[in-house]
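Colleague:
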Amino acid sequence: MTAPYPTDHSRDHAEQVSETSVGELIGNISNDLSTLFRQEVELAKVELKQEASKAGKAAGMLGAAGFAGYLVVILLSFALVAALSNVMDPGWAALIVAVLWGIVGAVLYANGRKKLKTVDPTPRRTVDTLKEDAQWLKNPTG
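Read in order, the letters of the sequence shown are residues 3 to 144 in our numbering.
(1) Sorted by chain position, which residues of the same chain lie with C-beta nearer than 7 Å to Thr128's C-beta, five sequence neighbours on each side aside?
(2) Check whether the Cβ atoms of Trp94 and Ala100 sit closer than 8 Å, and answer yes or no.
(3) Between the segment 106 to 125 and the segment 58 to 65, are three or more C-beta pairs nearer than 8 Å?
(4) Specify the secondary structure class of Asp130 as computed by DSSP and reduced to three states.
(5) Measure the Cβ-Cβ separation of Leu73 and Ala96 and say whether it is below 8 Å.
(6) Write down the C-beta distance between Gly107 and Gly71 rounded to the nearest angstrom, noting that I regard them as a contact closer than 8 Å.
(7) Could you check if Leu110 is buried or exposed, using at least 16 other CB atoms within 10 Å of its CB as the buried criterion?
(8) Alpha carbon to alpha carbon, how far is Ala54 from Ser36? Give it in angstroms, no decimals.
Set out below in structure tokens:
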């Protein structure tokens, strides 16, 4: 229940508010907006770092697929040479190994491509909070 007359505490607060200049209020708003902007920039940095990490992993898989493809070419070349020069078991063995590397390369490529599709360069949470901030600035009371 509130007192019918102002207390000392409420009078002090009222005096503080009435003594605050417009310049101080604008300065306070400016400081708050500056802090808000710094926080939004930090959020964007965190989001971009996460997306860069995902892109790096996908690129690593694609690099491994490239290496496997390189091995396929080398082993297939050796297999073809061995098969043509001496149709014996060593050539066919090299061919089987090359086919296995081809399968490994295909699996790595498919996984890397799938991961790369999940990379989103837009910092979605930052965009959402900036929209909320803009809405708040337009209508700070509700």
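The C-beta atom is built at its ideal place from N, Cα and C for all residues, glycine as well.
Computed from a predicted structure; not experimentally measured.
Modeller: Inspection of the coordinates gives the following:
(1) As a working mapping, residue 128 is identified with position 126 in the sequence shown. The beta carbon of Thr128 lies closer than 7 Å to those of Glu42, Leu45, Ala46 and Glu49 in the same chain, with the five residues before and after it left out.
(2) The residue labelled residue 94 in the question sits at position 92 within the sequence shown. The residue labelled residue 100 in the question sits at position 98 within the sequence shown. No.
(3) By the Cβ rule, the segment 106 to 125 counts as touching the segment 58 to 65, because three or more pairs are nearer than 8 Å.
(4) Counted from its first residue, the sequence shown places residue 130 at position 128. In the three-state DSSP reduction, Asp130 falls in the helix class (H, G or I).
(5) For the purposes of this step, residue 73 is identified with residue 71 of the sequence shown, where counting begins at 1. For the purposes of this step, residue 96 is identified with residue 94 of the sequence shown, where counting begins at 1. Not closer than 8 Å, so no.
(6) Taking the sequence shown and counting its residues from 1, the one referred to as residue 107 is at position 105. Taking the sequence shown and counting its residues from 1, the one referred to as residue 71 is at position 69. Indeed they touch by this definition, with Cβ atoms about 5 Å apart.
(7) If you number the sequence shown from 1, residue 110 lands on position 108. Buried, by the Cβ-count rule.
(8) The residue you call residue 36 lines up with position 34 of the sequence shown. The residue you call residue 54 lines up with position 52 of the sequence shown. Straight-line Cα distance between these residues: approximately 27 Å.
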